[in-house]
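I have placed the structure first, in the form of structure tokens, so that the comments after it can refer back to it.
Protein chains in written order, with our numbering: chain A, -15 to 162; chain B, 31 to 481.
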């Protein structure tokens, strides 16, 4: 099983990036930033079963929202380093695209904001805000006011991204954990 | 997946063909024709299935709270079929481009308030204080328009007290380096409340006094603005806009005492623009939960009005603000101060009237709120605020005998609670106690929403 199809990915990512002025990272760039040691990424997108969705809802305290999730597994040679999960949430009015790197043990490795279009709250991109998620699992510390501090003036964006990351942490726990 | 089925069908058919090695050429041709027909049939079936899945996906998307990559459903088989990784990746990676959501978003906020003065219940009052409709339209990835239309106090007509206004109307363009430029009528980034003025965003039924009497929220000006957010958490704003019109000052009423700038603002209404103003704001959010910032706005306000006694009057308003939200706490403080220069001659023409133009006015508040209780989507957040403000802190020197006493340093305690239902609805109750003008002590109830 060949884990690499980076060329195709790169082509795909750059094809979409030209359309984005407010895109800070392409999917491919996010993968490289979050797993700099990886030699390849393989699409392992998920389709949750009904039972898994129920477990996700229980863990995250949120609706699982979707059956299908875009997931890439990061590999260094044959060793799996973790996953990159892609998601979008509505901030206040506009869509925020972000990527979550998950460790094989389902804890959060890193988050990256791919696009942000709201008029306020660009600080959500800042390393200081994103660092709050590192190392946490769906079990604790992934809620606004409980582990994650909000950004004044961008409460909705922060809340929705935080909820999204918690949901992904739960999905990782249920469907990706080794 | 469907491509796979097709490929497998073809492969199977081809693998079967060696068995027919001894068959005649005619038979082979016949078999090929049959195969071709089967392929055609498979194609048709595939198209039908695709159509069906598309419909299902569309329905699923509509059901989902936020848009989700439709392509990802197809991607589910990728794990077991590495051969299709490439096309699936294309779909998955490119999907954000198809997921921008609707280009035009409708938003709204509103508040209905009830007030009962403690010492004179005959002045109890209920008011549809604000009803606002907002439209945001995205022309493309870099360009959008933001508009807010507001009714205050329910009814607007010649014989009613309401107002209808355009609260914001601007176009914003983002450049590749993250620089954002906007033009039109937009909010001045002063204090904490002005750019976050929805009822769900602040504590108490009424907006605080400092950010209504000193900073005249909802404060907007027409002009051009530039801003940028840096990776270290700093956001800077600057711009060139319309300013105030001092010739609107009415020394005979108390409007100027209630809010000096609120009584001479122009709000983009055929605004006198001989003298433009400039502003700058700096906000730092480098530590999660913490905001430290300040702003300055300055400009001449005589506007070259004919026969006006204060052509050189200049307004400068500045503020410092901080907000810290560790855990369940929400702590904030604002200090704002305004000065108006060169008002001596004008104030002399107002001699005998109760409200000359102040040379300085200021206010500050501190506020603490704590999320006491949360159950599913209900949250109860009591708060306490103390503010101190003086809308007529000083006057330019007047000839002996003509001087008017400066305004009092009013102090107001507000204690109450916000009760949120989800993130869009808030019920509020509070009590306000005035240090100087005790006749204003009052109980307030409010209902607000924002989306």
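Heads up, the beta-carbon is just placed ideally off N, CA and C, and yes, glycines get one too.
Just so we're clear, the structure is a prediction, and the values are computed from it rather than from any experiment.
Residue 374(B) - containing alpha helix (DSSP H), residue span: By 1-based counting over the second chain, the position of residue 374(B) is 344. In the DSSP annotation of this structure, the continuous segment of the alpha helix (DSSP H) that includes residue 374(B) starts and ends at 374 to 379.
Backbone CA spacing between residue 57(B) and residue 67(B) [nearest angstrom]: Here the question's residue 57(B) lines up with position 27 in the second chain. Here the question's residue 67(B) lines up with position 37 in the second chain. Take the alpha-carbon of residue 57(B) and the one of residue 67(B): they are about 15 Å apart.
Contiguous alpha helix (DSSP H) assignments of at least 4 residues, all confined to the region 28 to 65 of chain A: Counting whole runs of 4 or more residues, the region 28 to 65 of chain A contains the alpha helix (DSSP H) stretches 34 to 44.
Helix, strand or coil at residue 433(B) [DSSP, three-state]: The residue labelled residue 433(B) in the question sits at position 403 within the second chain. Residue state, collapsed to three classes: coil.
Candidates 103(A), 93(A), 73(A), 137(A), of which the one nearest residue 156(A) by Cα: Here residue 156(A) is taken as the residue at index 172 of the first chain, counted from 1. Considering only alpha carbons, the answer is 93(A).
Minimum C-alpha distance to residue 280(B) - residue among 386(B), 148(B), 432(B): Taking the first residue of the second chain as 1, we reach residue 280(B) at position 250. The option with the nearest alpha carbon to residue 280(B) is 386(B).
Collapsed DSSP secondary structure at residue 73(A) in the structure displayed: Taking the first chain and counting its residues from 1, the one referred to as residue 73(A) is at position 89. For residue 73(A), the secondary structure class from DSSP, reduced to helix, strand or coil, is strand.
Inter-residue Cα distance where the pair is residue 425(B) and residue 343(B): Translated into positions along the second chain, residue 425(B) becomes position 395. Translated into positions along the second chain, residue 343(B) becomes position 313. Annotation: residue 425(B) to residue 343(B) spans about 13 Å, alpha carbon to alpha carbon.
Test: residue 458(B) CB closer than 7 Å to a CB of chain A: Position 428 of the second chain, counting from 1, holds the residue named residue 458(B). Residue-level contact by beta carbon fails for residue 458(B) and chain A, as no gap is shorter than 7 Å.
Span separating the alpha-carbon of residue 23(B) from that of residue 430(B): As displayed, chain B neither begins before 31 nor continues past 481, which places residue 23(B) out of reach and without an answer.
Range of the contiguous alpha helix (DSSP H) that encloses residue 286(B): Here residue 286(B) corresponds to residue number 256 of the second chain, with the count starting at 1. Start and end: 285 to 288.
Beta strand (DSSP E) runs wholly inside the region 312 to 338 of chain B, at least 3 long, in chain order: Look at the region 312 to 338 of chain B and you find these whole runs of beta strand (DSSP E), each 3 residues long or longer: 320 to 330.
As assigned by DSSP and simplified to three states, the class of residue 403(B): By one-based count along the second chain, residue 403(B) stands at place 373. Residue 403(B): strand per DSSP, three-state reduction.
CB contact below 7 Å: residue 135(A) versus chain B: Here residue 135(A) refers to the residue found at position 151 when the first chain is read from its first residue. Interface residue, yes.
Candidates 416(B), 340(B), 480(B): closest to residue 377(B) by CA position: If you number the second chain from 1, residue 377(B) lands on position 347. It is 340(B) whose Cα lies nearest to the Cα of residue 377(B).
Chain-ordered chain A contacts of residue 261(B) [CB-CB under 8 Å]: Position 231 of the second chain, counted from the first residue, corresponds to residue 261(B). When 8 Å is used as the limit between beta carbons, residue 261(B) is near these residues of chain A: 109, 110, 111, in chain order.
Rounded Cβ spacing between residue 219(B) and residue 325(B) (contact assumed at less than 8 Å): As a first step, residue 219(B) must be located in the second chain, where it is residue number 189. As a first step, residue 325(B) must be located in the second chain, where it is residue number 295. Sure, about 6 Å apart at Cβ, within 8 Å.
Residue-chain proximity (residue 129(A), chain B), Cβ-Cβ < 7 Å: Taking the first chain and counting its residues from 1, the one referred to as residue 129(A) is at position 145. The C-beta of residue 129(A) comes closer than 7 Å to at least one C-beta of chain B.
For residue 175(B), three-class secondary structure by DSSP: Mapped onto the second chain, residue 175(B) falls at position 145. Reduced to three states, the DSSP call for residue 175(B) is strand.
Cβ of residue 13(A) within 7 Å of any chain B Cβ: For the purposes of this step, residue 13(A) is identified with residue 29 of the first chain, where counting begins at 1. No, no contact with chain B.
Within 7 Å, strictly: CB atoms of residue 308(B) and residue 221(B): In the second chain, the residue the question calls residue 308(B) occupies position 278. In the second chain, the residue the question calls residue 221(B) occupies position 191. The Cβ atoms of residue 308(B) and residue 221(B) lie no closer than 7 Å to each other.
Opposing strand residues paired with residue 349(B) [DSSP bridges]: Here residue 349(B) corresponds to residue number 319 of the second chain, with the count starting at 1. 325(B), 366(B).
Test: residue 322(B) CB closer than 7 Å to a CB of chain A: Within the second chain, numbered from 1, the residue matching residue 322(B) stands at position 292. No, residue 322(B) lies away from the interface with chain A (no Cβ there is under 7 Å from its Cβ).
Residues of the region 184 to 216 of chain B whose Cβ lies closer than 7 Å to any Cβ of chain A, in chain order: Residues of the region 184 to 216 of chain B that bring their beta carbon within less than 7 Å of a beta carbon in chain A comprise 202, 204, 206, in sequence order.
Segment contact, 8 Å Cβ cut-off, at least three pairs: the region 399 to 419 of chain B with the region 445 to 459 of chain B: Taking 8 Å as the limit for Cβ pairs, the verdict is that the region 445 to 459 of chain B does touch the region 399 to 419 of chain B.
Minimum C-alpha distance to residue 239(B) - residue among 358(B), 418(B), 350(B): By 1-based counting over the second chain, the position of residue 239(B) is 209. Nearest of 358(B), 418(B), 350(B) to residue 239(B), Cα basis: 418(B).
Proximal residues of chain B, C-beta to C-beta of residue 117(A) below 9 Å: Residue mapping note: residue 117(A) aligns to position 133 of the first chain, counting from 1. Simply none; closest approach about 10 Å.
Alpha carbon of residue 160(A) to alpha carbon of residue 227(B), nearest angstrom: Translated into the one-based positions of the first chain, residue 160(A) becomes position 176. Translated into the one-based positions of the second chain, residue 227(B) becomes position 197. Each residue's alpha carbon lies about 42 Å from the other.
Chain-ordered neighbours of residue 229(B) on chain A, where CB pairs are closer than 9 Å: Reading the second chain from its first residue, position 199 is the one you call residue 229(B). Here the premise fails: no neighbours, minimum Cβ distance about 14 Å.
Buried/exposed call for residue 64(B), threshold 16 Cβ in 10 Å: By 1-based counting over the second chain, the position of residue 64(B) is 34. Counting Cβ neighbours within 10 Å, residue 64(B) comes out exposed, since fewer than 16 surround it.
Option in 200(B), 243(B), 153(B) with minimal Cα separation from residue 251(B): On the second chain, position 221 is the one that residue 251(B) refers to. Residue 200(B) holds the alpha-carbon nearest to the alpha-carbon of residue 251(B) among 200(B), 243(B), 153(B).
Through-space distance from residue 234(B) to residue 463(B), alpha-carbon basis: Here residue 463(B) corresponds to residue number 433 of the second chain, with the count starting at 1. Here residue 234(B) corresponds to residue number 204 of the second chain, with the count starting at 1. Each residue's alpha carbon lies about 13 Å from the other.
Buried or exposed by the 16-neighbour rule on C-beta atoms within 10 Å, applied to residue 56(A): In the first chain, counting from the first residue as 1, residue 56(A) sits at position 72. With 16 or more Cβ atoms within 10 Å of its Cβ, residue 56(A) is classed as buried.
Sequence-distant residues of the same chain with beta carbon closer than 6 Å to residue 347(B), five excluded per side: As a working note, residue 347(B) is residue 317 in the second chain. Cβ within range, chain order: 327, 368.
Span separating the alpha-carbon of residue 285(B) from that of residue 293(B): For the purposes of this step, residue 285(B) is taken as residue 255 along the second chain, with counting starting at 1. For the purposes of this step, residue 293(B) is taken as residue 263 along the second chain, with counting starting at 1. The alpha-carbon atoms of residue 285(B) and residue 293(B) are separated by roughly 6 Å.
Residue 119(B) at chain A interface by Cβ criterion, 7 Å: Here the question's residue 119(B) lines up with position 89 in the second chain. Only weak support exists for where residue 119(B) lies, its pLDDT of 35 falling under 50; the value from the coordinates is given anyway. With 7 Å as the cut-off, residue 119(B) counts as an interface residue toward chain A.
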